[in-house]
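These notes are about the structure you will find just below.
Protein chains in written order, with our numbering: chain D, 1 to 270; chain Y, 1001 to 1264.
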């Protein structure tokens, strides 16, 4: 069967499920059944059609704020990628550094971001700085841990082989360990991409003049519930797009890992 | 073979490529090597034959300077320093360990690239080596596209291209089926004959040892010691099936199996 056709057919159940869900929601919301069941006024429970309407009529406002949030997400994600990989390399190369700072890496993930966000705003001001810092903080952990695990999957025998062929420590890293870790890094980056937008919202809630998170806060106060949901749709779309971009990159530059996650040379006969 | 004969004629010891003396090694409480003495002449191939798990692989890694020495002495070209032994030898582990993201020629060229070789030139040399080893047309193949036997050849090419005077081959064909193994033994024998490198070939197959190597050192089960050294019969470049059924070969194999049995 044609591969493209097969993948389209595979998407059918997902599409049907989403459509069914939206249909049920629309029915429940437009008849007022959902609001009644929740004991709410019906304007607090938007239907998919109302959200769709807001997506269209507020498109300029949503796009402007989405652009701000996207910049924060991309900058924060890039910072996390650089920091995460650098940390993993240092911890991989130095067992001492690993013993000392691995607990700190884990501790970084336990920081309650919602609490620290206002402090960061006080430190760095209302600009993009605190948002980038918060996103980077959230995204850092999955990237660093996956990169470190990836670097560690290289079998000792393989490292010995490279040494026997004349490689020093640095060349073992660049020629063997880094490519081996690449699929792992991309896996971590995909997890980070999904949570990056949440970081942006936290950052904007703590203090911002624009961005989707800020817009959601305003909508919340003004009970503009359909637009609040519309902003969420934008956020999800952003995370999905980033995730898809990374998946594409994975297939392009780390194809050997996407197909079969295993250390190099472990393959037997084919 | 030539080197061994030379030694007999002159009566004086020929220069040694690899000299292992009183080598012992243990992992924790387990003694794996017990006082090994071995010599390999320049250009000679010495097979190390012993039961599985007797410490042959450890011996090879010690010679390659990839594991710290505990007791005894190892020299390559007279130099005992581990770094020198690593530089003078190329080690081939049991599994091919090809990098799945590199094409066959790039895998074979790893040592050239590590030595600072230009990418294009290294690839060209590697492709020429692959041609010589019967893999013409596969320079651009990825490891995943090659059969087990082909991958093993690429691994041998990678080892040869390291350009070192000493080759350390650890059961290079153990993972292959019998037919492929037989073919590759013929092939390795011819390759080694044309290369003039000093080679230690670890194997648990007596036939492979006597067919590919000049001499075979029979090792005892763990802790390994040299039970006997058997000269391989000089079989002319005949088909493998003829060579291994020649009376001299059959006699040597019987002697080797006997000392393996006595050692066990």
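Glycine included, each C-beta is placed from N, C-alpha and C at the ideal position.
Residue 12(D) is not bridged by DSSP to any residue.
In the structure shown, residue 1228(Y) falls within a strand segment according to DSSP collapsed to helix, strand and coil. When only Cα atoms are considered, residue 1039(Y) and residue 1077(Y) end up about 11 Å apart. Annotation for residue 164(D): the continuous alpha helix (DSSP H) segment containing it runs 156-164.
Taking every protein chain shown into account, the CB of residue 1050(Y) has 16 or more other CB atoms within 10 angstroms, so this residue is buried. For a Cβ distance threshold of 9 Å, nothing in chain D lies close to residue 1129(Y): the least Cβ distance comes to about 14 Å. Interface annotation, residue 1101(Y): in contact with chain D, CB-CB separation under 7 Å.
In the three-state scheme derived from DSSP, where H, G and I count as helix and E and B as strand, residue 92(D) is classed as helix.
Residue 164(D) has a beta carbon lying within less than 7 Å of a beta carbon in chain Y. Under DSSP, the beta-bridge partners assigned to residue 1024(Y) are 1071(Y). Neighbours of residue 161(D) across chain Y, judged by C-beta separation under 7 Å: 1091, 1093, 1097.
Between the beta-carbon of residue 1203(Y) and that of residue 1017(Y) there is about 19 Å, and that puts the pair past the 8 Å contact cut. A distance below 7 Å separates the beta carbons of residue 1111(Y) and residue 166(D).
Looking at the backbone, the Cα of residue 188(D) and that of residue 36(D) are separated by about 43 Å.
Annotated as proximal: residue 1185(Y) and residue 1208(Y), with beta-carbon spacing under 7 Å. In the DSSP assignment, residue 1039(Y) is bridged to 1019(Y).
Between residue 1255(Y) and residue 1101(Y), the alpha-carbon positions lie close to 46 Å from each other.
Around residue 1246(Y), no beta-carbon contact reaches into chain D at under 8 Å, the shortest distance being about 31 Å. Contact between residue 1066(Y) and residue 131(D) fails: their C-beta atoms lie close to 49 Å from each other, not under 8 Å. Only buried fits residue 1061(Y), as 16 or more other CB atoms lie within 10 angstroms of its CB. With the criterion set as a beta carbon lying under 9 Å from some beta carbon of chain Y, the members of the stretch 172-196 of chain D are 175, 176, 179, 180, 182, in sequence order.
Counting along the chain, residue 1215(Y) sits inside the beta strand (DSSP E) bounded by residues 1215-1219. If you check the CB distance, residue 199(D) and residue 111(D) do not come in under 7 Å. The contact set of residue 167(D) on chain Y, defined by CB atoms closer than 7 Å, consists of 1114 in chain order. Spanning the alpha carbons of residue 1089(Y) and residue 1162(Y) requires a straight line of approximately 8 Å.
Interface residue (Cβ-Cβ distance to chain D less than 7 Å): residue 1066(Y) is classified as such. For residue 256(D), the residues of chain Y that pass the 7 Å Cβ criterion are 1100, 1101, in the order they occur in the chain. With the criterion set as a beta carbon lying under 7 Å from some beta carbon of chain D, the stretch 1207-1218 of chain Y has no members that meet it. With a threshold of 16 other beta carbon atoms within 10 Å, residue 146(D) meets it and is buried. When rounded, the separation of the alpha-carbon atoms in residue 227(D) and residue 76(D) is 26 Å. By the beta-carbon neighbour count (other beta carbons within 10 angstroms, threshold 16), residue 1258(Y) is exposed. Here residue 90(D) has 97 as same chain residues with Cβ atoms under 7 Å from its own Cβ, once five neighbours each way along the sequence are excluded. With a cutoff of 7 Å on beta-carbon distance, residue 150(D) and residue 181(D) are scored as near each other. For residue 1101(Y), there is no enclosing alpha helix (DSSP H), as DSSP marks it with neither H nor E. In terms of beta-carbon proximity, residue 1111(Y) lines the interface with chain D, with at least one pair separated by less than 7 Å.
Within the stretch 1092-1148 of chain Y, there are no complete beta strand (DSSP E) runs of at least 3 residues.
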